[in-house]
Amino acid sequence: MAADFHPTILRLETIDSTNLEAIRQAKVGAKEGLCIVAREQTAGRGRLDRTWQSPKDAGLYLSLVLRPAIGMNSWPLLSLTSALAVSDALVRVCSLKPDIKWPNDVCVNDRKLCGILAETIETPAGPAAIVGIGVNLKRMALPDVLRQTATSIEEVTGSEPDTERVLSEVLRAFGERYDVLQSSDGFEHTIREWCASSSYAYERRVRVSLENETFTAVTRGLDRDGALRVETDDGQIRIVRAGDVTALRAQAE
Ligand code: BT5
């Protein structure tokens with residue numbers, strides 16, 4: 618397939634958040650493919666107003682401006698596409714075996730190595746999607762609570778990766794996956810591939826945390842727009858669009 622995605626990289630020393638910068642640039646006309654990369658973020662963002670730790674040169678911090686040619690109700694699939702791309706890049710660059718945790722975490726050995734934040738915004742040129750990707754490259758000083766849950770390429774491989782190589786492989790893999798997403802059967806293909814790359818897709822006992830509610834359930838695959846289907850203890854199927862899932866061990870409820 619011909620590659621249609623051609624990123625233009627804008628490199629910054631420091632920024633509040635590459636997603637915020639991408640939003641600012643998109644609002645003044647940035648085209649599809651603008652890629653903001655920063656050596657550090659002073660206010661790196663996670664979902665739901667959470668923080669992404671972004672010390673200088675310890676991670677890859679990038680955001681893409683996208684103007685996808687697919688219906689907006691399918692834009693949540695961009696998050697899955699990005700997680701698949703990071704997974705591909707980690708396999709190619711360091712032979713890792715990543716697992717994707719719904720919706721957007723790329724994990725190795727059950728620890729988070731990459732987080733993804735996809736946002737939709739209005740711009741004068743029409744709606745745009747901003748996809749932010751943070752990959753932990755090196756061991757970094759993290760707050761105590763994250764020491765048990767986060768990891769980096771250096772920690773799992775024993776050596777510091779080449780930042781430029783990780784960046785170029787993430788962008789190459791993203792381009793490939795993004796082209797597939799926008800091709801015929803691209804949604805089904807992306808969902809199938811995501812399910813094959815995630816131990817969370819089926820039969821996983823999880824705790825689901827929504828804004829005002831927490832419950833336990835078993836995962837039953839993804840809906841057409843990438844939302845997680847779960848079966849609750851009383852046999853109802855529920856669709857989880859925004860929230861967190863945590864894996865439960867059989868008796869650890
Ligand atoms: C995410 O949110 O995982 C999305 C992270 C996206 C970061 C990228 S970096 C480039 C771009 N610019 C931005 O400003 N953001 C994007 P969420 O699923 O809500 O997870 C956030 C949670 O992950 C935090 O509350 C912490 O518990 C944990 N965390 C924070 N920093 C981490 C890190 N460096 N490594 C692993 N876990 C981290």
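Read left to right, the sequence shown gives residues 618 to 870 (our numbering). Every residue gets a Cβ at the ideal spot worked out from N, C-alpha and C, and that includes glycine.
Quick check on residue 762: buried or exposed, where buried means 16 or more other Cβ atoms within 10 Å of its Cβ?
Its Cβ having fewer than 16 others within 10 Å, residue 762 is exposed.
Sorry if obvious, but does the Cβ on residue 780 come closer than 8 Å to a heavy atom of the ligand BT5?
False, no ligand heavy atom lies under 8 Å from that Cβ.
Since I believe residue 770 is in contact with residue 760 (beta carbons under 8 Å), could you give me their beta-carbon distance rounded to a whole number of angstroms?
That belief does not hold up - the Cβ atoms of residue 760 and residue 770 are roughly 20 Å apart, past 8 Å.
Would you check if the region 741-750 and the region 801-814 touch, i.e. whether three or more CB-CB distances between them fall below 8 Å?
With the cut-off at 8 Å, the region 801-814 and the region 741-750 do not touch.
Can you find the residues in the same chain that come closer than 8 Å, C-beta to C-beta, to residue 735, ignoring five residues on each side of it along the sequence?
Excluding positions up to five away in sequence, the list reads 692, 693, 695, 696, 699, 721, 746, 747, 748, 749.
Looking only at its own chain, which residues have a Cβ that is under 6 Å from the Cβ of residue 625, when we skip the five neighbours before and after it?
Correct list, in chain order: 650, 651.
Looking only at its chain, what residues have a beta carbon closer than 6 Å to the beta carbon of residue 824, apart from the 5 residues adjacent to it on each side?
Excluding positions up to five away in sequence, the list reads 833, 863, 865.
Is it the case that the CB of residue 716 approaches a heavy atom of the ligand BT5 more closely than 8 Å?
Because no heavy atom of the ligand BT5 lies under 8 Å away, the Cβ of residue 716 does not count as near it: no.
Check whether the Cβ of residue 916 lies closer than 8 Å to any heavy atom of the ligand BT5, and answer yes or no.
This structure does not reach residue 916, given that the chain is present from 618 up to 870, and the question cannot be answered.
Under 9 Å, do residue 752 and residue 708 count as touching if we go by C-beta distance?
No, Cβ-Cβ distance for residue 752 and residue 708 is not below 9 Å.
DSSP three-state label for residue 832, please.
The answer is strand: DSSP assigns residue 832 an E or B state.
In or out: residue 658 buried (at least 16 other Cβ within 10 Å) or exposed?
Residue 658 should be labelled buried.
Does the contact criterion of 3 or more C-beta pairs under 8 Å hold for the region 716-731 versus the region 635-654?
The answer is no - the region 635-654 does not touch the region 716-731, with fewer than three Cβ pairs under 8 Å.
Which residues in the same chain have their Cβ closer than 7 Å to the Cβ of residue 632, if we skip the five residues on either side of it in sequence?
So the qualifying residues of the chain are 638, 655, 658.
Name the two residues that bound the continuous alpha helix (DSSP H) containing residue 795.
Where residue 795 is concerned, the enclosing alpha helix (DSSP H) stretches over 780-798.
Runs of 4 residues minimum, wholly inside the region 635-694: which ones carry the alpha helix (DSSP H) assignment?
635-644, all fully within the region 635-694.
Flag residue 750 as yes when its Cβ comes closer than 8 Å to any non-hydrogen atom of the ligand BT5, and as no otherwise.
The answer is yes for residue 750.
With a 10 Å radius around its C-beta and 16 neighbouring C-beta atoms as the bar for buried, classify residue 712 as buried or exposed.
Classification of residue 712: exposed, given that the 10 Å Cβ count is below 16.
CA-CA distance, residue 733 and residue 849?
In a straight line, the C-alpha of residue 733 is about 27 Å away from that of residue 849.
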